[in-house]
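Q:
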Amino acid sequence: MAGIGFELKKMFDKKGILATLKAYGYAGIVCIGPMILGIILLLGVRYMAGVGGASEEEKELINCMVTYTLLASMVLTNLFALVTTRYTADQLYMDKKEKILPSFWGSASIMLVIGGILYGIFLAFSGVALKYQVLCLSIFCELIVVWTQINYLTAIKDYKGVLLTFAAALVVSFVAGYVMILLHVEVITAMMMTVCIAYGVMMVWYYLLLVRYFPKGEGNTFEFLKWFDRYPELGIIGFNLSVGLFGHLVIMWSSPVKKQIAGLFYGAPTYDIAALIAFLSILITTINFVTSVEVNFYPKYRTYFSLFNDGGTLKDIEQAEREMVSTLGQELMYTFTKQFFTTVVFIIGGTMLLPYLPLGMSEDMLGIYRVLCIAYAFYAIGNATMLIQLYFADGKGALISSTSFMAVSLVATWITRTMSIKCYGIGFLLGGLTFAAVALVLLFRYLDRIMYHVLCNQPLVADEKQGKFTKLSNWAYTKELKRRYKIEKR
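Going by my numbering, the residue at position 55 of the sequence shown is 47; the numbering climbs one at a time, nothing skipped.
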């Protein structure tokens, strides 16, 4: 993400309200575009399904299938996301851009195989029609590629292209959806195809952006697997975050408010709708983290560490450390303050407006919504702090933070799911609160001894770990070389 921060700083240096709005807009599309697309699609296909004459049960089935597919794809890709991001950052630092695109093909292919098999098995026993299974699996595969592309798009400076991709995906999909309704295509099929088209457009356009920026490249397509051995905690952290963030939804599908939509597809509309709207309250912080913390903090961070490499004096290093820590504290406080006011606005505004929207918001749902707004605020604080831990290569601290979040969120939600409906959301709230508290304590404890961690807590001799993933990478590369040799020989 430092690449985005560096480029956005150029935008923020330009004077004027329009330049500032442009910078925030681009940051928002790059960081949360696919998530916003998913939310708009869920709402849009529900509306179009109603226009097409769908029953309430059919609308719920569409939302449920799309939601299951989104969550499944996110959990799988998050296993690879931090590792491939670290690999990409390392290759950019070493000016080896030719190694980046092969890693995209390698990581995406592995996830498509593993995810396609696992999600395909679930769909085969899901109890829905075969055509719906095929459409769900198609969307799942598209999402695997899109989420993977997002990990690489942070290095691309073509913000206009990313913005146009987002807009084109929405326009093309909704036009296609209405055309299918006019042609009297069966409504569930039409809406699932609408979602498939949207992410298909995004997938193709994002790929064109990637191949235009990165060279085709050669070498070991699966070299990135070695980074699982070098930084084993990164894959676990990504998994912990996704399970902690989405696990409370899945657990509530077994609560007294659960509803069997069709076969293995369950939902809890009372909880799910409140969670979806409450989740929107953290999108501002997600954008602000990039535009504020990274844009202003990263130059101080870079200056500090460059002094170690460029022979800076102890006095200069200590001064740079104080400025870096001070700037980080100010930017985190600024981010947290904006999240606090955003949460207050969402709680007050949502309480006043949501009952008038066609969402069926009851008093119980409004209560859950208010609790979850606070819960997501703590999650946003914890997540931003944990990302800073990773900035300082404090993998152990980030692992403890993410594990505590996942464990408390799942256990507390499991306990509260059978309690009064007024307790719904408290489990995730406790998880988010724990996440924020643990991450902040560990981060500033680490910063108190940052000189020790930089100078004394490193191996004296570089030692490349030869774990199972490194062996797998070497084996795959050997196979690849043999295949190329046979092709060239022919």
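Backbone N, C-alpha and C define an ideal beta-carbon position, used for all residues, glycine too.
Is DSSP giving Q458 helix, strand or coil here?
A: In the sequence shown, counting from the first residue as 1, residue 458 sits at position 466. Note: Q458 maps to coil in three-state DSSP.
Q: Go to G192, then tell me how far its alpha helix (DSSP H) extends in each direction, as first and last residue.
A: In the sequence shown, counting from the first residue as 1, residue 192 sits at position 200. 179 to 205 is the span of the alpha helix (DSSP H), which, as asked, contains G192.
Q: Helix, strand or coil, according to DSSP, for A254 in the structure here?
A: For the purposes of this step, residue 254 is taken as the residue at position 262 of the sequence shown. Of the three classes helix, strand and coil, the one that applies to A254 here is strand, per DSSP.
Q: Got a sec, what are the start and stop residues for the alpha helix (DSSP H) C133 sits in?
A: Taking the first residue of the sequence shown as 1, we reach residue 133 at position 141. It spans 122 to 145 - the alpha helix (DSSP H) in which C133 sits, taken as one unbroken run.
Q: What span of residues does the alpha helix (DSSP H) with V75 cover, start to end?
A: Mapped onto the sequence shown, residue 75 falls at position 83. From DSSP, the alpha helix (DSSP H) with V75 extends over 48 to 85.
Q: Could you tell me the alpha carbon to alpha carbon distance between G132 and G227, rounded to whole angstroms?
A: Working through the sequence shown from its first residue, we reach residue 132 at position 140. Working through the sequence shown from its first residue, we reach residue 227 at position 235. Sequence check: residue 132 is Phe here, not Gly. Distance between the alpha carbons of F132 and G227: 20 Å.
Q: What is the rounded straight-line gap between the Cα of I373 and the Cα of Y79?
A: If you number the sequence shown from 1, residue 373 lands on position 381. If you number the sequence shown from 1, residue 79 lands on position 87. For I373 and Y79, the distance between alpha carbons rounds to 26 Å.
Q: Where does G259 sit, in a helix, a strand or coil, going by DSSP?
A: On the sequence shown, residue 259 is found 267 positions in, with the first residue counted as 1. When secondary structure is reduced to three states using DSSP, G259 falls in the strand class.
Q: So for E315, helix, strand or coil by DSSP?
A: For the purposes of this step, residue 315 is taken as residue 323 along the sequence shown, with counting starting at 1. Looking at E315 - three-state DSSP - the assignment turns out to be helix.
Q: When you compare only the Cα positions, how much space is there between G45 and G169?
A: Position 53 of the sequence shown, counted from the start, is the residue given in the question as residue 45. Position 177 of the sequence shown, counted from the start, is the residue given in the question as residue 169. Looking at the two C-alpha atoms, the distance is approximately 13 Å.
Q: Using only the alpha-carbon positions, how far apart do I360 and S401 sit?
A: Position 368 of the sequence shown, counted from the start, is the residue given in the question as residue 360. Position 409 of the sequence shown, counted from the start, is the residue given in the question as residue 401. The alpha-carbon of I360 is positioned some 15 Å away from that of S401.
Q: Would you say M103 and I136 are within 8 Å of each other, going by their C-beta atoms?
A: In the sequence shown, residue 103 corresponds to position 111, counting from 1. In the sequence shown, residue 136 corresponds to position 144, counting from 1. Cβ distance < 8 Å, so M103 and I136 count as in contact.
Q: Given a threshold of 16 other Cβ atoms within 10 Å of its Cβ, counted over all protein chains shown, does Y191 qualify as buried or as exposed?
A: Position 199 of the sequence shown holds residue 191. Counting Cβ neighbours within 10 Å, Y191 comes out buried, since at least 16 surround it.
Q: So what's H176 in DSSP terms, helix, strand or just coil?
A: To locate residue 176, count along the sequence shown from 1; it is residue 184. In the structure shown, H176 sits in coil (DSSP, three-state: anything other than H, G, I, E or B).
Q: What is the rounded straight-line gap between the Cα of D221 and the Cα of T462?
A: Here residue 221 refers to the residue found at position 229 when the sequence shown is read from its first residue. Here residue 462 refers to the residue found at position 470 when the sequence shown is read from its first residue. About 7 Å.
Q: Taking the CB atoms as reference points, tell me whether L217 and Y144 lie closer together than 8 Å.
A: As a working mapping, residue 217 is identified with position 225 in the sequence shown. As a working mapping, residue 144 is identified with position 152 in the sequence shown. Taking 8 Å as the Cβ cut-off, L217 and Y144 do not qualify as a contacting pair.
Q: On the DSSP letters alone, give me the boundaries of the alpha helix (DSSP H) that R437 sits inside.
A: Here the question's residue 437 lines up with position 445 in the sequence shown. Note, R437: alpha helix (DSSP H), 418 to 440.
Q: Measure the CB-CB distance between F257 and S118 and report whether it falls below 8 Å.
A: For the purposes of this step, residue 257 is identified with residue 265 of the sequence shown, where counting begins at 1. For the purposes of this step, residue 118 is identified with residue 126 of the sequence shown, where counting begins at 1. In contact: F257 and S118 (Cβ atoms closer than 8 Å).
Q: Taking DSSP as the reference, what is the three-state secondary structure of K208?
A: Within the sequence shown, numbered from 1, the residue matching residue 208 stands at position 216. Reduced to three states, the DSSP call for K208 is coil.
Q: Indicate whether the contact test is met: 3 or more Cβ pairs, each with one atom in the region 427 to 437 and one in the region 367 to 383, closer than 8 Å.
A: yes
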